[in-house]
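Working notes, beginning with the structure itself.
In the UniProt record's numbering, the protein residues as written are 1 to 343.
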């Protein structure tokens, strides 16, 4: 018996149990802060298995498209410019508009078939730019319907991380359902937990959390909604003050998951101090998880009764639809179906 070969196969199996395939889950992903993409600006970012560009047209709308020109493969974020509401390649000035359609070739040649970019669904709210990885969103972007700009103030930010998070967003999201780890790693005692599976794309929980020991930061009362495989929305209180937030993680390429937050509270005395405390809490919690998650040896979990919610989410993540930018680019260039009307 070749023990080395057996061990290698066993290790490979442990890895594959948490390897859900190429690309990423079809979710809404925050990609940038709104001020980072002013009118006329183009930025590039890796996403899942590929790369996209974000740009803001003269109409003020942010668009997200696959990054590489279909002509010669130039990266549109490396010198590409915005013309009206189109993005123009720096190499030969091919221009792409809504739907990712190549609508201008200055040489005068006919646009060849298969020249569309992927145009991903995009939304902007609370100072964050969100992109859906897929042809059509599977669910609405999470928001706060009760938000009132006259009563509430928000802050959106990217979390400053001490290291890259090397696992996919869904792996981090398991933390929300891992009640036991919250007690031992983060010093949070959770009570009153209930879990409801609202849809394949939404799970709901209720927490009453108190911090203990050196990490005492008061009491949290939260209703928690988990959207897709990567985002959490809460509505509740911290130390008696309104405390809402949306957190989400994005796979900026393999082995580089990053986090964005929107935190909301009531306007009034102490609002900036409260937002500072909320940002510090979010930053601390994420950085406490980094060394654990980055050094885990994944395998088939041996779950116990108190891991019931965790197990349900892991199974859901394995069944959740995924895609790649390559697949979306192929779909963007499918021949259009034609309808024949009978005589």
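Glycine included, C-beta positions come from ideal geometry on N, C-alpha and C.
Query                                                                                                                 : Result
Spatial neighbours of residue 93 in its chain, beta-carbon cut-off 7 Å, leaving aside the 5 residues before and after : 106
Inter-residue CB distance, residue 323 and residue 100 (contact presumed, cutoff 8 Å)                                 : Not really, about 15 Å apart at Cβ, beyond 8 Å.
Cβ-based burial, residue 198 [other Cβ within 10 Å; buried from 16]                                                   : exposed
Whole-angstrom distance between residue 68 and residue 143, CA atom to CA atom                                        : 32 Å
C-alpha gap between residue 114 and residue 31, whole angstroms                                                       : 27 Å
Where residue 250 sits in the DSSP three-state scheme                                                                 : strand
Endpoints, beta strand (DSSP E) assigned at residue 50                                                                : 50-56
Simplified DSSP assignment, three categories, for residue 105                                                         : coil
Burial state of residue 122 (16 or more Cβ within 10 Å)                                                               : buried
Pick from 164, 228, 225 and 158 that is closest to residue 289, judged by C-alpha positions                           : 164
C-alpha distance - residue 20 paired with residue 319, whole-angstrom precision                                       : 9 Å
Segment limits, alpha helix (DSSP H) that includes residue 288                                                        : 271-294
Alpha-carbon spacing of residue 282 relative to residue 274, whole angstroms                                          : 12 Å
Coil, strand or helix - residue 59 by DSSP                                                                            : coil
Where residue 233 falls: helix, strand or coil (DSSP)                                                                 : strand
Whole-angstrom distance between residue 156 and residue 195, CA atom to CA atom                                       : 27 Å
Burial state of residue 233 (16 or more Cβ within 10 Å)                                                               : buried
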